[in-house]
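**Student:** Take a look at this one; I'll ask things after.
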Amino acid sequence: MPKQKKVAIIGNISSFDKCSITTALPIFAASGGIETYPLLTAIVASRDNDIDSPDYCDLTNNMPTVAEYWRSQQLKLDGLISGFLGSPEQANVVSDILTHCKAQDSLALVDPIMGDHGQMYGSSSPKMVDAMRNLCKHADIIVPNITEACLMLDEPYQPGPYTREYIQDLLVRLSQLGPSMVVISGVWFSKFLSGAAGYDTVDGSFTYAFSKHIKGEYKGVGDVFDSVLLSALLHNMKFRNALQFAVDFTHKSILTQTNAEKKNIDMFQYGIDFEMNLPWIIKTFKSDRT
Numbered sequence: 124m125p126k127q128k129k130v131a132i133i134g135n136i137s138s139f140d141k142c143s144i145t146t147a148l149p150i151f152a153a154s155g156g157i158e159t160y161p162l163l164t165a166i167v168a169s170r171d172n173d174i175d176s177p178d179y180c181d182l183t184n185n186m187p188t189v190a191e192y193w194r195s196q197q198l199k200l201d202g203l204i205s206g207f208l209g210s211p212e213q214a215n216v217v218s219d220i221l222t223h224c225k226a227q228d229s230l231a232l233v234d235p236i237m238g239d240h241g242q243m244y245g246s247s248s249p250k251m252v253d254a255m256r257n258l259c260k261h262a263d264i265i266v267p268n269i270t271e272a273c274l275m276l277d278e279p280y281q282p283g284p285y286t287r288e289y290i291q292d293l294l295v296r297l298s299q300l301g302p303s304m305v306v307i308s309g310v311w312f313s314k315f316l317s318g319a320a321g322y323d324t325v326d327g328s329f330t331y332a333f334s335k336h337i338k339g340e341y342k343g344v345g346d347v348f349d350s351v352l353l354s355a356l357l358h359n360m361k362f363r364n365a366l367q368f369a370v371d372f373t374h375k376s377i378l379t380q381t382n383a384e385k386k387n388i389d390m391f392q393y394g395i396d397f398e399m400n401l402p403w404i405i406k407t408f409k410s411d412r413t
């Protein structure tokens, strides 16, 4: 039986939506062979609520305590996934964890969540952009969308459709922040297909992963995509294949949601219905657990 890999999941817990830690935990569990170590950044009623909302329980002051305990137990992480962070201070704690708790050949995935559709979220600021740039220096994989890529590169946002030349220029420049692999989500060259683009600095290769475009906005898709991508890479799936698998799983989960809504089935509306497709992950990585 292969040794279990240790993965830190850094994010918040929402009492109402499927996102962040409540999305990542079942995906890593389904992939098998992975122990998870959650580090809470906040407890919230809904991901839609601002960090200044009365229901937002900020756990920034508790994060260093947990990180210090991990160090005292000599925890060495094989993987780490970090999504929405509420402040530069939280980003600095994650940077510290990556400095002291990463095992050799570990994979740290950072999704620098700061905005979308050319707009910065209310919780973000120029200081947050600087903190995310610094955090990305410690990451092995970063997964910004177009808006976040432009923020970190300090250039104006451009709406799509995009060209390969434009996307590849962003990928290369983002890699100069430090990560060995860069993924940009929300890439589309035509109205029929959408997905992600990747760049591997080791061999200098670019890769694209697309699925048929589905209209609408679906909460939590980034958390699903990130978790599946890191799970696949930790199971030694090639970068190109892992990227396509993450796109396909996310697309299938959105379809599960939209098909149920067409049939008037009472499905949960605050996050895509990824749980129905977890058997696919179990089957895909089953051979790695024997």
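Read in order, the letters of the sequence shown are residues 124 to 413 in the numbering used here.
Quick reminder that beta carbons are idealized off the backbone N, C-alpha and C, glycines included.
Quantities reported herein were computed from a predicted structural model and do not represent experimental measurements.
Do you know how far the Cα of L232 is from the Cα of D292?
**Tutor:** 21 Å
**Student:** Among I236, M360, L357 and F348, which has the Cα closest to the Cα of K375?
**Tutor:** Of the listed residues, the one whose Cα sits closest to K375 is F348.
**Student:** Answer with buried or exposed for E271, where buried requires no fewer than 16 other C-beta atoms within 10 angstroms of its C-beta.
**Tutor:** buried
**Student:** In angstroms with no decimal places, state the Cα-to-Cα distance between I337 and I236.
**Tutor:** C-alpha separation (whole angstroms): 22 Å.
**Student:** With DSSP as the reference, identify every bridge partner of P161, one or two as the case may be.
**Tutor:** According to DSSP, P161 bridges with I132.
**Student:** Whole angstroms is fine: what's the gap from G283's alpha carbon to L356's?
**Tutor:** Each residue's Cα considered, the two are about 29 Å apart.
**Student:** Along the beta strand (DSSP E) that carries F310, what are the first and last residues, could you check?
**Tutor:** Going by the sequence as given, residue 310 is Val instead of Phe. V310 -> beta strand (DSSP E) spans M304 to S313.
**Student:** Mind reading off the beta-carbon distance from G241 to S247? Whole number of angstroms is fine, and I expect it under 8 Å.
**Tutor:** 13 Å between Cβ atoms; not a contact.
**Student:** Starting from the Cα of Y341, find the closest Cα among K314, C224 and G394 and give me that residue.
**Tutor:** G394
**Student:** Can you tell me whether A226 is buried or exposed, with buried defined as 16 or more other CB within 10 angstroms of its CB?
**Tutor:** By the 10 Å Cβ count, A226 comes out exposed.
**Student:** Cα separation between L366 and P177?
**Tutor:** 38 Å
**Student:** For G343 and L221, what's the separation of their Cα atoms in angstroms?
**Tutor:** 25 Å
**Student:** From W403, T164 and T373, pick the residue whose C-alpha is nearest to that of S308; which is it?
**Tutor:** Its Cα nearest to that of S308, the residue T373 stands out among W403, T164 and T373.
**Student:** For the beta strand (DSSP E) containing L198, list its first residue and its last residue.
**Tutor:** From DSSP, L198 is part of no beta strand (DSSP E); its letter is neither H nor E.
**Student:** Under three-state DSSP, which class holds A226?
**Tutor:** strand
**Student:** Out of P161, K314, K361 and S210, which one is the CA nearest neighbour of L117?
**Tutor:** Residue 117 lies beyond the residue range present for the chain, which begins at 124 and ends at 413; the question has no answer from this structure.
**Student:** Just the C-alpha distance for N364 and M243, rounded to the nearest angstrom, thanks.
**Tutor:** 31 Å
**Student:** Please check the pair S334 and D371, which I expect to be a contact at CB under 8 Å, by giving their CB distance rounded to whole angstroms.
**Tutor:** With a beta-carbon spacing of about 6 Å, S334 and D371 fall inside the 8 Å limit used to define contacts.
**Student:** Taking G301 as the reference, give the member of D346, L316, I264 and C273 with the closest Cα.
**Tutor:** I264
**Student:** Give me the Cα-Cα distance between T164 and V266, rounded to the nearest whole angstrom.
**Tutor:** 19 Å
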